[in-house]
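Data first, discussion second: the structure below is written as structure tokens.
2 protein chains.
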Amino acid sequence: MDGSPVNSSGSTKERILGAAELLFAQRGFEGASLRQLTAAAGVNLAAVNYHFGSKDKLVEEVFRRRLDALNESRLVALAKVAGAPGTTLEDVLEAYIRPALELSHDNSGALFMRVLARAFAEHDDSLRQFLSTNYGHVMRQFTAEFARLLPQLSKPELYWRIDLVTGALTHAMSGFGMIQRKSDVSEHAHREQTVQHLVRFAVAGLSHP
Amino acid sequence: MDGSPVNSSGSTKERILGAAELLFAQRGFEGASLRQLTAAAGVNLAAVNYHFGSKDKLVEEVFRRRLDALNESRLVALAKVAGAPGTTLEDVLEAYIRPALELSHDNSGALFMRVLARAFAEHDDSLRQFLSTNYGHVMRQFTAEFARLLPQLSKPELYWRIDLVTGALTHAMSGFGMIQRKSDVSEHAHREQTVQHLVRFAVAGLSHP
DNA sequence: CGTATGCTCAAACGATCGTTTGAACCGGCC
DNA sequence: GGCCGGTTCAAACGATCGTTTGAGCATACG
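Chains as they are written, first to last, in my numbering: chain A, 1 to 209; chain B, 1001 to 1209.
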């Protein structure tokens, strides 16, 4: 009753990470067992503890593999517009949204957004602390830029709205990947359209009177 | 290392449901074991299977106990404003938001919103089908009223925005209950302020050009 | 050749999981 | 008293969990 025993190509570590991404998205961190996981990856059961040390470390590595590149892209995009006089709210939000959308372009990236949404909903302390200590500076930089562009909002008010917008975006992007799209729209055009969709929604949620 | 063995008062079934709400919110459906659960409730391990049949049925009952009342309140509030000529988007959104906020006023209700957010993030098929078949008509009625008040939006566009707003609201309300508030604001005034906050955000997200 | 080193393997470890069992207890009713 | 339906109890069931073990295999270097 487990998933198909088909293994992807690549090294043992990469096959484990790929299978973990899929099963964590489908059944959660506690619901996916190492036996299902290694069977799906086509590797031996002991390979997880050999290469990663423990299941918890594997979970961290699943996040690290994607978030290192994702948040780096976000910071690079933010640096191009932050602090400049003509920068708009749209520019900053696009710097936050577009890298995530490009990540969820391929199948495994979209699965990771599901995993991220799960971690967002779970209030697990150890996982939240891992994400906060390793990637907290990213959200801090974006928050500072939001504060600069929305000076009329009090700090509590701004944090409230950022929290709401972040929740909406995380939820929305966790639903990607499984969407059947009309064939007459090119991949690129559709992604561009989705970015504008999310950006406009976020602008409305952040800057409404 | 488990939670304190303090049991709440009430019947065995109610004690189990209360402990389940707490532990499901903290550790998830798979992460919370029946042994932790019954120990926290102060009842025998076999009581769960005796009163509910299985762990899965217990999960369904945790939802049913809260959602029956919550969605009934929402429909009653919606019926008071739906279809009327002077009804605004604010009225409809308030009918959706206020009952949930009143539920999360007490501690156990706030815990349930966490459980609901978890179910929202998990893409578990059986649980989604349970929620859809039992409470799908509620969201369908609200969607119909949104469509009436936002005729300029295409159907896909409307569904997109409702999905984004629902994700934001679910995430926001899952964070309640643990918030320390300044003592100079009354409980009622704070809730009223929060309702207006969420309503205004949702209006902006739904009706932006 | 011998021998390190990095990796994979089947097998087993103890712990914990959801569920079931059968005896014990309880109030109310004949 | 005797009995009975509803409930609680300790104990055990087989299954599955994360992790560890030690032998086996391959490749590289002296």
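For every residue, glycine included, the Cβ atom is placed at its ideal position computed from N, Cα and C.
So that I know if they touch, is there some Cβ in chain A lying closer than 7 angstroms to that of His1190/B?
no
* Which of helix, strand or coil DSSP assigns to Asn107/A -> helix
Exercise. Going by CA-CA distance only, name the one from Asp91/A, Glu60/A, Ser154/A, Asp68/A that's closest to Arg128/A.
Key: Glu60/A
| field | Proximity to Arg1098/B [Cα-Cα], best of Pro1085/B, Ala1084/B, Leu1070/B, Phe1120/B | value | Leu1070/B
Taking Leu1078/B as the reference, give the member of Leu1067/B, Glu1187/B, Asp1091/B, Arg1066/B with the closest Cα.
Ranking the options by Cα distance to Leu1078/B, first place goes to Asp1091/B.
Original post:
Does the Cβ of Ala147/A lie closer than 6 angstroms to at least one heavy atom of the ligand MN?
Top reply: As for the ligand MN, it is missing from this structure, which has no ligand bound.
Going by Cα to Cα distance, which pick from Ala40/A, Phe29/A, Leu153/A is closest to His230/A? The displayed coordinates of chain A run from 1 to 209. Any statement about residue 230/A would go beyond what the structure contains.
Chain A contact residues for Asp1163/B, given Cβ-Cβ distances below 9 angstroms: Ala168, His171, Ala172, Gly175
Starting from the beta carbon of Gly1028/B, find every residue of chain A whose beta carbon is closer than 7 angstroms, and list them in chain order.
Residues of chain A passing the Cβ test: Gly28, Glu30, Glu122.
* Asked: Listed from N- to C-terminal order along the chain, which residues in the stretch 196-209 of chain A have their beta-carbon within a distance smaller than 7 angstroms of any beta-carbon of chain B?
  -> His197, Arg200, Phe201, Ala204, Gly205, His208
Exercise for review: Compare the Cα-Cα distances from Leu75/A to each of Leu89/A, Ala95/A, Thr88/A and report the closest residue.
Suggested key: Ala95/A
Could you spell out where the alpha helix (DSSP H) holding Gly31/A opens and where it closes?
Boundaries of the alpha helix (DSSP H) around Gly31/A: 12-31.
Go through its chain and collect everything with a Cβ distance to Val1081/B's Cβ below 7 angstroms, but skip five positions before and after it. Thr1087, Asp1091, Val1092, Ala1095
Does the CB of Ala1019/B have a neighbour CB from chain A at under 7 angstroms?
no
Review point. Going by beta carbon distance, what residues of the same chain come within less than 7 angstroms of Ala121/A, once the five residues before and after it are set aside?
Key: When the five nearest sequence neighbours on each side are left out, no beta carbon in the same chain lies closer than 7 angstroms to the beta carbon of Ala121/A.
Opening and closing residue of the alpha helix (DSSP H) in which Gln1250/B lies:
Nothing about residue 1250/B can be reported from this structure: the residues present for chain B run from 1001 to 1209 only.
- Task: Could you tell me the distance, in whole angstroms, from the CA atom of Arg148/A to the CA atom of Ala110/A?
- Result: 32 angstroms
* Ala1172/B and Leu103/A closer than 7 angstroms at C-beta -> no
Exercise. What residue does the alpha helix (DSSP H) around Phe1063/B start on, and which one ends it?
Worked result: 1055-1081
**OP:** Go through the stretch 1100-1164 of chain B residue by residue and report every complete run of the alpha helix (DSSP H) that reaches 4 residues or more, in order.
**Re:** Every alpha helix (DSSP H) stretch that sits fully inside the stretch 1100-1164 of chain B and reaches 4 residues is listed by chain position as 1107-1121, 1125-1149.
| message | For chain A, check one thing: does any of its Cβ atoms lie closer than 7 angstroms to the Cβ of Arg1074/B? | response | no
Check: How about Ala117/A: is its C-beta nearer than 7 angstroms to some C-beta of chain B?
Finding: Yes, Ala117/A counts as interfacial toward chain B.
Distance check for Val195/A and Ser73/A, CA to CA, integer angstroms please.
Separation of Ser73/A and Val195/A (C-alpha to C-alpha, rounded to the nearest whole angstrom) is 15 angstroms.
Here's the rule I'm using: 16 or more other beta-carbon atoms within 10 Å means buried, otherwise exposed. How should Arg1035/B be labelled? exposed
query: Leaving out the 5 sequence neighbours to the left and right, which residues in its chain are closer than 6 angstroms to Phe1112/B when beta-carbon positions are compared?
result: Excluding residues within five positions, the ones whose Cβ falls inside 6 angstroms are Glu1021, Arg1066.
| said: I want to verify the contact list: residues of chain B whose CB lies under 8 angstroms from the CB of Arg114/A, in sequence order. | reply: Result: His1123.
Q. Which word fits Glu1145/B, buried or exposed, when buried means at least 16 other C-beta atoms lie within 10 angstroms of its C-beta?
A. buried
Expressed to the nearest angstrom, what Euclidean distance is found between the alpha-carbon atoms of Asp1106/B and Ala100/A? Distance from the CA of Asp1106/B to the CA of Ala100/A, rounded to the nearest whole angstrom, comes to 37 angstroms.
- prompt: Out of curiosity, what's the CA-to-CA distance linking His208/A and Ser1154/B?
  reply: 22 angstroms
Could you spell out the range, first to last residue, of the alpha helix (DSSP H) harbouring Leu1037/B?
Per DSSP, Leu1037/B belongs to the alpha helix (DSSP H) from 1034-1041.
Exercise. Is it right to say Arg15/A is buried, meaning 16 or more other beta carbons lie within 10 angstroms of its own, or is it exposed?
Worked result: buried
If we ignore side chains and look at the alpha-carbon of each, how far apart do Gly10/A and Gln1152/B end up? 50 angstroms
Original post:
Terminal residues of the continuous alpha helix (DSSP H) containing Ala1047/B?
Top reply: 1047-1052
Q.
Please report the distance separating the alpha-carbon of Ser1174/B from that of Arg1114/B.
A. 4 angstroms
Between Ala1019/B and Ala1040/B, what straight-line distance do the alpha-carbon atoms span, to the nearest angstrom?
6 angstroms
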